[in-house]
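Below is one structure; the comments refer to it alone.
4 protein chains.
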Amino acid sequence: MINVGIVGASGYTGVELARLLCNCPDVKLTVATSRQYKGKKLAEVYPNLAGLVDIVCEDLKTDELVGRADLFFTAVPHQTAMAIVPDLLKAGKKVVDLSADFRLHDAEVYEKWYQKHTAQEFLAEAVYGLPELHREKIADTQLVANPGCYPTSVILGLAPLLQNGAIENESIIVDSKSGTSGAGRAAQTGTLFCEVTEGFKAYKVAAHRHTPEMEQEISKLCQKQVVISFTPHLLPMSRGILSTIYAELSKPFSDSEVHGLYKDFYGDEHFVRLCEPGSFPATQFVRGSNYCDIGFKVDDRTGRIVILSAIDNLVKGAAGQAVQNMNIMCNLPETSGLLTVPLFP
Amino acid sequence: MINVGIVGASGYTGVELARLLCNCPDVKLTVATSRQYKGKKLAEVYPNLAGLVDIVCEDLKTDELVGRADLFFTAVPHQTAMAIVPDLLKAGKKVVDLSADFRLHDAEVYEKWYQKHTAQEFLAEAVYGLPELHREKIADTQLVANPGCYPTSVILGLAPLLQNGAIENESIIVDSKSGTSGAGRAAQTGTLFCEVTEGFKAYKVAAHRHTPEMEQEISKLCQKQVVISFTPHLLPMSRGILSTIYAELSKPFSDSEVHGLYKDFYGDEHFVRLCEPGSFPATQFVRGSNYCDIGFKVDDRTGRIVILSAIDNLVKGAAGQAVQNMNIMCNLPETSGLLTVPLFP
Amino acid sequence: MINVGIVGASGYTGVELARLLCNCPDVKLTVATSRQYKGKKLAEVYPNLAGLVDIVCEDLKTDELVGRADLFFTAVPHQTAMAIVPDLLKAGKKVVDLSADFRLHDAEVYEKWYQKHTAQEFLAEAVYGLPELHREKIADTQLVANPGCYPTSVILGLAPLLQNGAIENESIIVDSKSGTSGAGRAAQTGTLFCEVTEGFKAYKVAAHRHTPEMEQEISKLCQKQVVISFTPHLLPMSRGILSTIYAELSKPFSDSEVHGLYKDFYGDEHFVRLCEPGSFPATQFVRGSNYCDIGFKVDDRTGRIVILSAIDNLVKGAAGQAVQNMNIMCNLPETSGLLTVPLFP
Amino acid sequence: MINVGIVGASGYTGVELARLLCNCPDVKLTVATSRQYKGKKLAEVYPNLAGLVDIVCEDLKTDELVGRADLFFTAVPHQTAMAIVPDLLKAGKKVVDLSADFRLHDAEVYEKWYQKHTAQEFLAEAVYGLPELHREKIADTQLVANPGCYPTSVILGLAPLLQNGAIENESIIVDSKSGTSGAGRAAQTGTLFCEVTEGFKAYKVAAHRHTPEMEQEISKLCQKQVVISFTPHLLPMSRGILSTIYAELSKPFSDSEVHGLYKDFYGDEHFVRLCEPGSFPATQFVRGSNYCDIGFKVDDRTGRIVILSAIDNLVKGAAGQAVQNMNIMCNLPETSGLLTVPLFP
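Chains as they are written, first to last, in our numbering: chain A, 1 to 345; chain B, 346 to 690; chain C, 691 to 1035; chain D, 1036 to 1380.
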């Protein structure tokens, strides 16, 4: 039995971890921290967990935490993470960090998009936790930087094409749409029900912090430094990301040739489902699950390909992928706890 | 391994059965019928099932069906069910019928609210499949009439009070609100997105067919023939029923005395969760699960009690309860396949 | 030209007033206060007003306000209103107060449900601003207490029956459901999109502050002190209230007899639309308008009547009724600025 | 007083025309056709119109129609329109056709994307009814082809850049998202509430029929034949389109230079509202109105510009623009009937 802790358990990502861990037979949730709900049962904060999760939220310093578990999920904002993670690592703990703090290998890039980085010495050790690309390194590391939600959908959608040189690297345009749970549970006017329902808008146009994360992984895949266009949008729904990705094909391809590239690349990957040519993914068909559904269309008129990639932002885009990384790091079956069927309707 | 079949697999209830059966280790889905999608994979009709459910929809006559499974879920409209169920029973199969055809013990009442009943000889055998009330009879029968969604929420909400004579039986008023999935997947103008979203209305006021079903079970519990007021409403959401139930208390009660009645009545029932006095259930906290969450408030000013009861209409209100009944009928652990954590947010 | 001011312009009620006043040819918005958005254009806070409303939010003391308009809408929380309204009245201004502070004639009742009342001397003068009941008094007063959203829907739904002695006064049960805009624009976890969407719950069961307001007007109509049961619920939508009201009929009535009572009572009232017997109102058909749509059903089985009453909580339930009151107080056509067609779909 | 008729009054576009015409003082709705609801009041089909629109739906042949009005809105599917419009024109009537049948000047292009064109002789006369581009021609024609919803948002978003040669014409990528009302009121599984809510997907990827319409107008503006990439998506909401448009800048521009191009181009256009640099449009702020709100962002990193354009698909994207065209054709004030304030929240 592996003991795990959640640092920052009362946000949407934290509670989603608690939900998924209920399904993990080899794992026990032994500690959950929340400053705001200190002393309260997590199931009082999130009554969906009533009768299923007994844990009480605590407000602990890192040195009080370390003895309580073997592996920690740090589900706290960037900058907060880098203040906690080093001590957990030094205490010999495994860490899956869900913040942005250890995703970028290059501290300069981090500092350009975020702020000063105060734990740069751990960047080399951190593995970008996208199992479909970096499974072996994840198995060997003490620190996994769990990918951002948008990058997960985008990198999985592009990887087979990039690796095969099928697209012009400088031509990538990413138009992503996310459910509102991605904005977290902080009380803000902008994410009130009445502000979001029956409405749609872009935000942080050409300025979102997930951009360098995508560029890092895309550049690795095509072995060349590239920049991309990225526009995130806010959907009037709770869960789900759909990324629509445009790129120029490097030469003419048929839909079935491209389908072949994807099949070869993903083979038996459990959490990537390819749509048959002519059909496209929809966020409602991955809801609550760790799947990434991918479809595409070659457009002969323009010489471009359009790729559609759908995930549940709280699962494959956050907590589910974190559990998948935990499984790999702890030598458990990779799909353990992650076999729930998507909930539709 | 028990082989089961779903008759009418392509409606929302049918596909929800398919989803839940994925989680049942002792059960195998061996046949699924759908006239409309004959020859198509169920996972093509409902892509959430891709990679998880392999079954192909068939259009079969009852005599072709019987050899294919040990137990059948009949998820077809009333009147259609009574044409199929008798032959399944005669062939020695167990049946969980999700239609209304075998819920009412009195054929006259049935014919008043529905239409002519052509299989009255099976009414005596049919057990009303609310396990919390009729578990033992369910274990012994070949035919379970799976309760309606509204009645499930209402009867579970009222049973402890009725059995203890705590309320005036003639004073019961039920105001229920259901998500749109209760209306099924048939293409109808009234359930189009644009007709339902950002709107709310009552329908079939004082005329809904679930009324006699509630009256039958309520009358049994209070050992007296009673009529109730029942108003269903359509919510701009997909899943969930909340019933708000009003009744006059037979004598003054405190909130904690009433809470005691509920605790005594439900004891260790796995799928009934009682809210602490002062807190109330919400449909979003039972989503995707087989729970019925119940809360209440004694109103000293009026001498009435208000009971709130929340279920997922497709799970405890249909497919989940059907699986629970299957488990009891087949001597499997009652919670098998039904332990998924409610999905929130 | 009448100059009007909005005190508290940046809440949903305030901005709805600004929207409606755009349609009033005889009225000019000359001042709008907002502490939070001081110095900002109201149209920057609410971009729907861009190009239509030029006013800049100010943070003014009452003595700075009084010279700026002839009539004031006070769209501030209760307790805040009673600190402002007296000075406006003393300066000779007309006031439509949208808070609860002047709705209850009896200060004791107010203090039981709210808190201490510090402007009791104005209670006698305040007129409860439901024009369909109190039009003449509204025309003659300096201070109108604009009704609450729930009470508006409920009192209009019950008035014809109460005045005709058609129902048992002690039997009234009100089950109301409101869109989330009723909770206002303050940043709160409970009204975040993800907490509300695809969910439904009751709140303040048997304890909501609109209860005494309904009881006051109901008691006046039936000339007897009555208590009622009232349960509000939160709908996963933005605008609209539907109240489902139950009462025992004092004697048998047919649907058409009851329809006659409503027709006689409401006659040519512009903002009350009666549904034909057999059809019922829906909130989506009053959206954005000042209408109250009313339907009902006599239930012979139980001897009860069920009344359904639908309004847009921000219009007939708040800002629209306030404009209607302003029109009456200022001797303008009562429908001026209020003739917009409900927006559907 | 101008008498107008709506052919196809019971679809969402038809009833939106009826709503807007209520606000037109110089226009009278004298006839409304609907095969499905023949003999029924339009206000029974759409109860939002109760008390406001008295007209009864009729099922009329074209020769019975012509005497009933001076101008007709044909709100029927493509192919149906081309069977009706010629006879209306021959009878001397003005026509605003809301179908696709007369939008494309080149019959070959039409036949490639739609089907055979049987009224090609009227293509030369038809004016593409985007007033901001073709106001003078609209004033002079008998037949206006009312633009598609997607093209309206896209062409208005691109026009200032295209006319000024500011972007590379071959680089245009359009990613559009539409509310579900765009799919019309036909009962279809795909637009049921449960299929759409809490979900998001692309459809007709690189194959939508609005593509050639955009290409026609874009090519005119840049005086060169261009092809574009276009992906439409279905939003879980009722009204609104947001188009996110990507293009390579022909040379470096600052945000304020681009803003200048838009201001010069649109000048005093009433129905185009420009967002200040740094802010972006949202569909909820144009709801129910005829506005097109436009924002953009120059991305120095990639050399691209991202343009955001928001409309209400039923108003500026259909019925509102049709009324605007009617006003121009009939020499009425262009904004007549179209000054309603967007409804938010």
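Glycine residues also receive a C-beta, built at the ideal position from the N, C-alpha and C atoms.
It should be emphasised that the depicted structure is a prediction, and the values quoted were computed from it without experimental measurement.
- Residue 1003 of chain C counts as buried, since at least 16 other C-beta atoms from the protein chains shown sit within 10 angstroms of its C-beta.
- For the pair residue 617 of chain B and residue 880 of chain C, the Cα-to-Cα distance works out to about 25 angstroms.
- Boundaries for residue 980 of chain C: no alpha helix (DSSP H) harbours it, and the DSSP string shows neither H nor E there.
- Closest in C-alpha terms to residue 1187 of chain D, from the list D:1042, D:1135 and D:1231, comes D:1135.
- Note on geometry: alpha-carbon atoms of residue 561 of chain B and residue 77 of chain A lie some 55 angstroms from one another.
- Close to residue 341 of chain A, with beta-carbon spacing below 9 angstroms, are these residues of chain B in chain order: 363, 364, 365, 367, 368, 393, 394, 397, 398 and 685.
- Around the C-beta of residue 969 of chain C, fewer than 16 other C-beta atoms lie within 10 Å, and the residue is accordingly described as exposed.
- One finds 173, 206 and 229 in chain A with Cβ atoms closer than 9 angstroms to the Cβ of residue 1339 of chain D, taken in chain order.
- Taking the C-beta atoms as reference points, residue 1001 of chain C is found nearer than 8 angstroms to residue 982 of chain C.
- Going by C-alpha positions, residue 1284 of chain D is about 36 angstroms away from residue 318 of chain A.
- At a Cβ-Cβ threshold of 8 angstroms, residue 993 of chain C and residue 903 of chain C do not count as neighbours.
- When the alpha-carbon of residue 1258 of chain D is set against those of D:1289, D:1214, D:1294 and D:1198, the nearest one is in D:1198.
- The region 1200-1243 of chain D is shown to contain whole alpha helix (DSSP H) runs of 4 or more residues at 1228-1231, in chain order.
- Of all residues in the region 1285-1316 of chain D, those with a C-beta nearer than 7 angstroms to a C-beta of chain C are 1308, reading in chain order.
- Residue-level contact check: residue 1024 of chain C does not touch chain D, since none of the beta carbons of chain D fall below 8 angstroms from its beta carbon.
- Among the residues facing chain B, residue 890 of chain C is included, as its CB has a counterpart in that chain under 8 angstroms away.
- In the three-state scheme derived from DSSP, where H, G and I count as helix and E and B as strand, residue 929 of chain C is classed as coil.
- The Cβ atoms of residue 13 of chain A and residue 75 of chain A lie closer than 8 angstroms to each other.
- Of the candidates C:965, C:885 and C:868, the residue whose Cα lies closest to the Cα of residue 922 of chain C is C:868.
- Interface residue (Cβ-Cβ distance to chain A less than 8 angstroms): residue 1132 of chain D is not classified as such.
- Boundaries for residue 350 of chain B: no alpha helix (DSSP H) harbours it, while the beta strand (DSSP E) harbouring it runs 347-352, taken from the DSSP string.
- Contact check for residue 1289 of chain D and residue 1192 of chain D: beta-carbon distance about 19 angstroms, past the 8 angstroms limit, so the pair fails to qualify.
- The beta-carbon distance between residue 820 of chain C and residue 763 of chain C, rounded to whole angstroms, is 17 angstroms. This is too long to meet the 8 angstroms contact definition.
- Ranked by Cα distance from residue 804 of chain C, the options C:933, C:901, C:814 and C:988 are led by C:901.
- Counting only residues of its own chain and dropping the five nearest sequence neighbours on each side, residue 1082 of chain D has no CB closer than 6 angstroms to any other CB.
- Annotated three-state conformation of residue 1175 of chain D is helix, per DSSP.
- Contact between the region 83-94 of chain A and the region 47-66 of chain A is established, with three or more Cβ pairs separated by less than 8 angstroms.
- At a C-beta separation below 9 angstroms, residue 73 of chain A has no neighbours in chain B, since its nearest C-beta there lies roughly 17 angstroms away.
- Under the 8 angstroms criterion on CB atoms, residue 374 of chain B is classed as non-interfacial with respect to chain D.
- In its chain, beyond the 5 residues on either side, 350, 413 and 414 have a beta carbon closer than 6 angstroms to the beta carbon of residue 376 of chain B.
- For residue 1344 of chain D, the uninterrupted beta strand (DSSP E) segment begins and ends at 1339-1346.
- When the five nearest sequence neighbours on each side are left out, the beta carbons in the same chain lying within less than 7 angstroms of the beta carbon of residue 788 of chain C are those of 703, 763, 764, 765, 836, 1008 and 1012, in order along the chain.
- Contacts with chain A at 8 angstroms (Cβ-Cβ) do not include residue 699 of chain C.
- As for any beta strand (DSSP E) of minimum length 3 sitting wholly inside the region 697-768 of chain C, the runs are 717-723 and 761-764, ordered along the chain.
- Counting only residues of its own chain and dropping the five nearest sequence neighbours on each side, residue 1240 of chain D has a CB closer than 6 angstroms to the CB of 1266.
- Following the DSSP letters along the chain, one finds residue 851 of chain C in no beta strand (DSSP E) but inside the alpha helix (DSSP H) bounded by residues 839-853.
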